[in-house]
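Residue numbers 5 to 295, in the working numbering, belong to the letters of the sequence shown in order. Yeah, the Cβ is synthetic: ideal placement off N, Cα and C, and Gly gets one too. All values reported here derive from a predicted model rather than from experimental measurement. The structure appears right after this line, and notes come after that.
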Amino acid sequence: MILIGENMNIMSRTIGSALKERNPEPIQELAKAEVEAGVDYLDLNIGPARKAGDELMEWVVKTTQEVTDRPLSLDTTNPVAMEAGLKVHEGRALINSISLVRMDEELPLVKKYNADFIGLLWGREGMPRDADERAMIAVELISKASEMGIPNENIWFDPIVTPAVNVDTNQVKPCLEFMSTLQDIAPGCKSTVGLSNISNGTPTHLRPYLNRTYMMMLMKYGLYSAIVDAFDAELIGIARGEMPQLIDLVHRVMDGDKPDLTLLSEEEVKYVKTVRVLTGESLYSHSWLEI
Ligand code: THG
Numbered sequence: 005m006i007l008i009g010e011n012m013n014i015m016s017r018t019i020g021s022a023l024k025e026r027n028p029e030p031i032q033e034l035a036k037a038e039v040e041a042g043v044d045y046l047d048l049n050i051g052p053a054r055k056a057g058d059e060l061m062e063w064v065v066k067t068t069q070e071v072t073d074r075p076l077s078l079d080t081t082n083p084v085a086m087e088a089g090l091k092v093h094e095g096r097a098l099i100n101s102i103s104l105v106r107m108d109e110e111l112p113l114v115k116k117y118n119a120d121f122i123g124l125l126w127g128r129e130g131m132p133r134d135a136d137e138r139a140m141i142a143v144e145l146i147s148k149a150s151e152m153g154i155p156n157e158n159i160w161f162d163p164i165v166t167p168a169v170n171v172d173t174n175q176v177k178p179c180l181e182f183m184s185t186l187q188d189i190a191p192g193c194k195s196t197v198g199l200s201n202i203s204n205g206t207p208t209h210l211r212p213y214l215n216r217t218y219m220m221m222l223m224k225y226g227l228y229s230a231i232v233d234a235f236d237a238e239l240i241g242i243a244r245g246e247m248p249q250l251i252d253l254v255h256r257v258m259d260g261d262k263p264d265l266t267l268l269s270e271e272e273v274k275y276v277k278t279v280r281v282l283t284g285e286s287l288y289s290h291s292w293l294e295i
């Protein structure tokens, strides 16, 4: 799996002020640490960047690429800043992200800079409600891209992960279903998810269980890549194939298997409980691992 480090984010206090002050040290230290941790791409999220966004993106791309040769995933809603980043980026960049609403102005950048892009499955009326709505949005993005000579291989679809705590709007099932049909809908297209979204609003020390479990669940359907916390070593290990038995256990529980919990390790039991929360079999509460 391709892993994209999520940590370079304007929402983080140290990175937010380093970006504002154009202080290269915290940016370069974090970039090196993420690469050391084993990610393949670095996401650079500078937010809406309304003021001098182009100058900021150019600076942060150059600053980051001074210390690593990993490709970057450029995340801003400002298209002028996006282009400024693409212009100076060395190698093949990933544009994070393009949705239906802005595809007319942003798809030309994919072509011009020979980039990949994350096709965000956000509809004209907002969040898609099920896998079918996601498929319809995907088809529209593909056909527009294809018209412009952009092949499916350049598109990484993101079905949009929402927090598990929002039981009513939980999108786990439709996201899994979308993943399982992606190669029929969109042959050759890739996939990605903002994995940590799933654990937003949950106790910090428990977030990794939700993130890792959901990743293993998506892997059942061939998840190609994920935007992840680079410093969750266990998650990186799982993605790198270091825990095939755990992945197998998660997949068996998804298939309805009811393993005898007394025969499992304490850690394994936590993952089984987390699968059940994510499939909706048990209700989410902040203490789901204790029940
Ligand atoms: N899809 C795509 N891009 C995305 C997302 C997505 N980019 C943003 C986000 N979702 C994925 N990235 C993050 C980055 C940080 C966190 C969650 C998702 C996060 N951070 C901690 C917090 O806010 O509590 C810590 C922040 C800090 O360092 O202080 O949860 O879905 N295409």
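Residue nearest to residue i in terms of C-alpha spacing, selected from the options
{"i": "P132", "options": "F182, A149, L111, A97", "result": "F182"}
{"i": "G241", "options": "V92, M220, Y228, K224", "result": "M220"}
{"i": "W160", "options": "M86, I99, P178", "result": "I99"}
{"i": "D134", "options": "Y45, P163, G153, E285", "result": "P163"}
{"i": "I154", "options": "L125, M61, A119, T18", "result": "A119"}
{"i": "D188", "options": "M140, N170, R211", "result": "M140"}
{"i": "Y228", "options": "N11, T81, G192", "result": "G192"}
{"i": "H290", "options": "A97, T80, S203, H255", "result": "S203"}
{"i": "L222", "options": "A142, A41, S21, C179", "result": "C179"}
{"i": "A108", "options": "T80, M152, A243", "result": "In the sequence as displayed, the identity of residue 108 is Asp instead of Ala. Of the candidates T80, M152, A243, the one whose C-alpha sits nearest the C-alpha of D108 is M152."}
{"i": "L104", "options": "V92, L90, K91, F121", "result": "F121"}
{"i": "I31", "options": "P52, L60, Y218, I6", "result": "L60"}
{"i": "A37", "options": "E10, R244, K148, L145", "result": "E10"}
{"i": "T185", "options": "I146, N170, P167, Y225", "result": "Y225"}
{"i": "Y45", "options": "P28, R74, V273, K24", "result": "R74"}
{"i": "R106", "options": "L23, L76, A149, Y288", "result": "A149"}
{"i": "K194", "options": "S286, N27, S200, I146", "result": "I146"}
C-beta contact flag for residue i and residue j at 8 Å
{"i": "A190", "j": "N158", "result": "no"}
{"i": "G123", "j": "E137", "result": "no"}
{"i": "T283", "j": "I231", "result": "no"}
{"i": "A234", "j": "V114", "result": "no"}
{"i": "G198", "j": "V165", "result": "yes"}
{"i": "L250", "j": "Y275", "result": "yes"}
{"i": "G57", "j": "A85", "result": "yes"}
{"i": "T18", "j": "V39", "result": "no"}
{"i": "L78", "j": "L125", "result": "no"}
{"i": "A88", "j": "Y117", "result": "no"}
{"i": "I102", "j": "E110", "result": "yes"}
{"i": "M258", "j": "V279", "result": "yes"}
{"i": "L267", "j": "K277", "result": "no"}
{"i": "T206", "j": "A168", "result": "yes"}
{"i": "I14", "j": "I50", "result": "yes"}
{"i": "L239", "j": "R216", "result": "yes"}
{"i": "T80", "j": "A53", "result": "yes"}
Cross-strand partners of residue i (DSSP beta bridge)
{"i": "A230", "result": "L7"}
{"i": "L60", "result": "DSSP output for L60 lists no bridge partner at all."}
{"i": "T80", "result": "G51"}
{"i": "S16", "result": "S16 is not bridged to any residue."}
{"i": "N100", "result": "D79, I122"}
{"i": "S195", "result": "F161"}
{"i": "L46", "result": "G9, L76"}
{"i": "G127", "result": "G130"}
- [ ] Could you say if the region 258 to 269 and the region 52 to 71 meet the contact criterion of at least three C-beta pairs nearer than 8 Å?
- [x] no
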